[in-house]
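Line order of the protein sequences matches chains A and H. First residue of the first sequence? That's 13 in the working numbering, and the numbers climb one at a time after it. First residue of the second sequence? That's 13 in the working numbering, and the numbers climb one at a time after it.
Protein chains: 2
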Amino acid sequence: MDRKAEKILNRIVQNGYRRTNARQAIVTALVNSAGHITADDLADNVREKEPHIGRMTVYRTLELLCELGVVRPIFQGTGAAHYILMDNGGHHHLICNRCHNVMEFEECSAAMVMEKVAKQFNFHISSHLLELHGLCEECNEISSHQ
Amino acid sequence: MDRKAEKILNRIVQNGYRRTNARQAIVTALVNSAGHITADDLADNVREKEPHIGRMTVYRTLELLCELGVVRPIFQGTGAAHYILMDNGGHHHLICNRCHNVMEFEECSAAMVMEKVAKQFNFHISSHLLELHGLCEECNEISSHQ
DNA sequence: GGTATACTTGATACAAAATATCAGTAAAGG
DNA sequence: CCTTTACTGATATTTTGTATCAAGTATACC
Ligand SMILES: [Mn+2]
Ligand SMILES: [Mn+2]
Ligand SMILES: [Zn+2]
Ligand SMILES: [Zn+2]
Chain A
13 MDRKAEKILN RIVQNGYRRT NARQAIVTAL VNSAGHITAD DLADNVREKE PHIGRMTVYR
73 TLELLCELGV VRPIFQGTGA AHYILMDNGG HHHLICNRCH NVMEFEECSA AMVMEKVAKQ
133 FNFHISSHLL ELHGLCEECN EISSHQ
Chain H
13 MDRKAEKILN RIVQNGYRRT NARQAIVTAL VNSAGHITAD DLADNVREKE PHIGRMTVYR
73 TLELLCELGV VRPIFQGTGA AHYILMDNGG HHHLICNRCH NVMEFEECSA AMVMEKVAKQ
133 FNFHISSHLL ELHGLCEECN EISSHQ
């Protein structure tokens with residue numbers, strides 16, 4: 013069992029939910045997918061090992077993980093939600109408006125803002141998402157000499 | 013005609029797209045909606061004044077505005093995408109994982125990170141989205157004394 | 001271990017949201 | 001005007017997400 017998956021499953025139990033086979037399989041598949049996956053794609057992955065697990069259960073587990081702050085749905089070109097892992101406290105994307113390419117980065121100075129805003133709103137922050145939008149190198153070149 | 017809408021329409025023209033009645037009506041309705049609206053809700057709004065405008069055109073216009081970096085689709089509890097305006101360069105949300113309540117804030121120190129990352133990836137940043145996730149005051153209380 | 005209980009599951013049906021297609025329309029430029 | 005080509009909107013279809021409910025199973029308690 014993956015360490016990361018184990019951590020998430022513990023979180024499920026700690027919040028009063030049950031540790032079931034389905035949830036174990038789904039969380040494991042999610043962690044192995046390295047994020048950025050749609051619910052239906054995840055369901056397909058899960059079924060490679062556990063063919064009996066239903067699509068609904070995957071949807072419901074993702075919903076639960078949202079509530080626990082473990083994942084967050086985002087748009088990524090297509091209509092279906094893509095789920096990203098928020099388990100490390102932060103997730104940072106550089107997203108091209110044109111080709112929808114997504115690059116990851118780690119730098120982040122959200123800490124100060126977070127503290128300030130958390131106080132102001134009495135909000136308990138568990139994670140954050142920073143998306144920088146614009147044009148990637150290639151798309152920028154295309155649009156400049158056209 | 014709203015100043016904000018005018019600005020967006022200019023942007024459409026400057027990028028080689030046509031300024032049509034449909035796009036004018038849609039952009040105006042979008043600006044008046046103050047953001048956080050789904051495609052279908054926007055279509056309904058548009059039709060109050062221009063009943064002949066089709067749903068497809070609204071979807072396509074939103075797609076175009078995404079490409080121009082004017083809006084960004086996000087998830088907000090429900091299944092349908094909610095479009096938020098990125099026209100001021102940044103958009104900042106505090107989102108409760110449980111009740112899905114969304115609060116706006118302005119503080120942001122993303123500037124430094126942005127500069128650094130832009131250089132590193134040769135990326136042309138036009139806007140950003142910062143989402144802080146966690147539990148709002150009420151939801152936090154509920155989960156602590158249960 | 002056995003049992004009661006509430007939580008969870010998955011098949012099915014359904015609703016909502018997004019996309020593909022295409023003939024007709026109108027914006028832009030000359 | 002007239003031509004060209006991007007754009008539109010009706011329609012059909014696919015994809016994605018949700019509601020329901022009988023059957024299954026994790027957990028607590030004995
Ligand atoms: Mn990512
Ligand atoms: Mn907002
Ligand atoms: Zn690009
Ligand atoms: Zn809340």
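Think of the CB as a built atom: it goes at the ideal place given N, C-alpha and C, for glycine as much as any other residue.
Counting only runs of at least 3 residues, the stretch 77-149 of chain A fully encloses the following beta strand (DSSP E) elements, listed from N- to C-terminal order: 83-88, 90-97, 102-108, 114-116, 136-147. In terms of Cα proximity to residue 113 of chain A, the closest of A/51, A/89, A/56, A/79 is A/89. For residue 37 of chain A, the enclosing alpha helix (DSSP H) begins and ends at 33-44. In the assembly as shown, residue 63 of chain A is an exposed residue. Its beta-carbon has fewer than 16 other beta-carbons within 10 Å. Counting of Cβ neighbours within 10 angstroms places residue 129 of chain H among the buried residues, the total reaching 16 or more.
Residue list for ligand 1: A/47, A/48, A/96, A/103, A/105, A/116 (CB closer than 6 Å to any heavy atom, chain order).
Ranked by Cα distance from residue 29 of chain A, the first of A/45, A/60, A/79, A/92 is A/79.
Beta-bridge analysis with DSSP links residue 49 of chain A to A/95. Taking the Cβ of residue 78 of chain A as the reference point, every heavy atom of ligand 4 lies at 8 Å or farther away. For the pair residue 115 of chain A and residue 105 of chain A, the CB atoms are nearer than the 9 Å cut-off. In this chain, the alpha helix (DSSP H) harbouring residue 15 of chain A covers 15-26. Around residue 103 of chain A, the same chain offers 96, 141 as residues with beta carbons nearer than 6 Å, after the five sequence neighbours per side are excluded. Distances from the CA of residue 101 of chain A to each of A/122, A/93, A/91 were compared; the closest alpha carbon is that of A/122. Apart from the 5 residues on each side of it in sequence, residue 74 of chain H sits with its Cβ closer than 7 Å to the Cβ of 51, 83, 95 in its chain, given in chain order. Identification of chain A residues near residue 140 of chain H by a Cβ-Cβ cut-off of 8 Å yields 142, 143, 144, 145, ordered along the chain. Those residues of the stretch 102-118 of chain A placed with their C-beta closer than 7 Å to a C-beta in chain H are 106, 109, 110, 115, 117, ordered along the chain.
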